[in-house]
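Using our numbering, you'd call the opening residue of the sequence shown number -7 and step up by one each time. C-beta atoms are modelled at their ideal positions from N, C-alpha and C, and glycine is treated no differently. A quick write-up on the structure given underneath.
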Amino acid sequence: MYKIAVAGTGYVGLVAGVCFAEKGHQVTCVDIDSNKVEMMKAGTSPIFEANLEELMQKNYAEGRLNYTIDYQSAYEDADVIFIGVGTPELPDGSANLSYIATVARQIAESVIKDCLVVVKSTVPVGTNDKVEQFIQDFLVNDVRIEVASNPEFLAQGSAVHDTLYAERVIIGTESSWAKNILMDIYESFNLPIVSVNRRSAEMIKYASNDFLALKISYMNDIANLCELVGADIQEVAKGMSFDERIGSKFLNAGIGYGGSCFPKDTKALDYIAEQNGYELKTIKAAIDINNEQKTILYKKARNRLITFNGLKVAVLGLTFKPGTDDLREAPSLANIPMLLDQGAEIFAYDPVGRENFEKVYPEGENANGLIRYVESPKEALDNANVCFIFTEWGEVKSLQPSDYKTFMRTPLVFDGRNIYSVKDMEANNVEYHSIGREATK
Ligand code: UGA
């Protein structure tokens, strides 16, 4: 078993740390925020993630997991240090590596024995080489330091499961010493391990995420054409999915991909290509389609209604997908400001995203309209003139077509997640517009 330190307690770092502890390693998670550290020690997770708190509490109680702001004590005698800090997008689309650099410097100044540094954060190809050089440059003690790449493939909402039962583990190393340590750490996970060089590992992460983003944008593109020619995107996706070369996952058309990864990683790879004198046309197309797709429902609704001024607008779902409280790049954030500008009176429902959304749009008057937060989807629908569905939460899906007719003043629904069958909505006299399917007659 290894003595592991993990830098950063966001999605990547905290989940990795907890899962390594669960597999028996001795783990210390490092963060700069002392309140967060105290909160985690008390067993509260800073992120909304299924099963995470239970595993945090169990492994902390059993002494395999700890949290600290004292990076020096965590790094100095660690066998392995995983870096899981953020690499947010800079205005030019490139990845901001300043958090990685800070951690690299702290490691260089702290370590007193040989140590493998493993970068889990998503970083541009070649970054690991630079991190290794950077650590060597600042190294205080005469010890062996090597950097390896071990990109993360967890999705928010299923992060613990995705880590413990990953479809593959990618390890990118430049020596058998580094490779053997990572193979050892992952041995008890009993998962397929793909061992490659460092730069390939870095590229696998971007290429995988961008492929999925492209798949979604492709389906959204086809969906828009389906509407024009009278085809149904859900039937089309079903027909496609039986071809194993295409697969059945990530074929759902909607109002665009959001979250902290696909938008950032598509732009970052596009930037990397440009920096290398190459134009990545596929990814540029994915980005463009996604930007357009986010407001496609709003445009449809505006054409239908002329204006939103003084209308009661029900909004169901604020987060970028169900199972998370994360709002980053959520379609709601692209649509709600336009609705408010147009004078809409918004009644918004989200089972967990409300608190985060309220920080951006406090309850009350905003621009020319106003926003209120409600406790149930039915409360949002009550007497509404129009309803937008932005996130397919179970609570939203459990609404029956007849509920829209019963509760709304005028049953007019714009669904960005294709939750209902058009026929069912039609049978319940609901005017229903969705993505890639004909509207109700
Ligand atoms: C994504 C990847 O799925 C993970 O494998 C990866 O590790 C992660 O990014 C990351 O790089 O950290 P995540 O952003 O949590 O995970 O969410 P996804 O479940 O992939 O969904 C992303 C967006 O795509 C959501 O807005 C979702 O609504 C949208 N989506 C997904 C569709 O519009 N259609 C689909 O068929 C699937």
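Does the count of Cβ pairs from the stretch 40 to 52 and the stretch 276 to 289 closer than 8 Å reach three? no
What separation, rounded to the nearest whole angstrom, lies between the Cα atoms of Gln98 and Ala87? 20 Å
CA nearest to the CA of Asp69, picked from Lys28, Gln18, Ser141 and Met31: Gln18
Under 6 Å Cβ to Cβ from Ala229, same chain only, skipping five residues before and after it: list those, please. Leu243
Along the beta strand (DSSP E) that carries Ala340, what are the first and last residues, could you check? Glu337 to Tyr341
Just to confirm, is the Cβ distance from Val132 to Phe74 under 8 Å? no
If you compare alpha carbons, which of Met400, Asp224, Gly9 and Ala277 is closest to Thr20? Gly9
Going by C-alpha to C-alpha distance, which of Met330, Cys218 and Ser324 sits closest to Asn358? Met330
Pick out whichever of Ala158, Ala199 and His425 has its Cα sitting closest to the Cα of Ile185. Ala158
Quick one: give me the first and last residue of the alpha helix (DSSP H) that Arg97 is part of. Ser90 to Ser102
Candidates Thr1, Phe12 and Val414: which alpha carbon is nearest Gln226's? Val414
Leaving out five residues on either side along the sequence, give the residues of the same chain with a beta carbon under 8 Å from the beta carbon of Glu489. The question about residue 489 has no answer here: the residues shown for the chain are numbered -7 through 433.
Comparing the CB of Leu389 with every heavy atom of ligand 1, is any distance shorter than 7 Å? Residue identity check: residue 389 is Lys in the sequence provided, not Leu. Flag unset: Cβ of Lys389 not near ligand 1.
Confirm the yes/no value for this check: CB of Glu81, any heavy atom of ligand 1, distance under 7 Å. no
Tell me Ala87's beta-bridge partners as DSSP assigns them. Glu81
Leaving out five residues before and five after Arg190 in sequence, what residues of the same chain have Cβ atoms less than 8 Å from its Cβ? Asn120, Asp121, Val139, Ala140, Ser141, Gly164, Thr165 and Glu166
Could you check the C-alpha separation between Lys313 and Arg320 for me, to the nearest Å? 10 Å
Less than 8 Å between the beta carbons of Pro403 and Glu387, yes or no? no
Kindly indicate the opening and closing residues of the alpha helix (DSSP H) around Phe12. Tyr3 to Glu14
Residue burial classification, Tyr412 (beta-carbon count within 10 angstroms, cutoff 16): buried
Would you mind working out which of Tyr178, Asp154, Val135 and Ile127 sits nearest Ile(-4), comparing C-alpha positions? Tyr178
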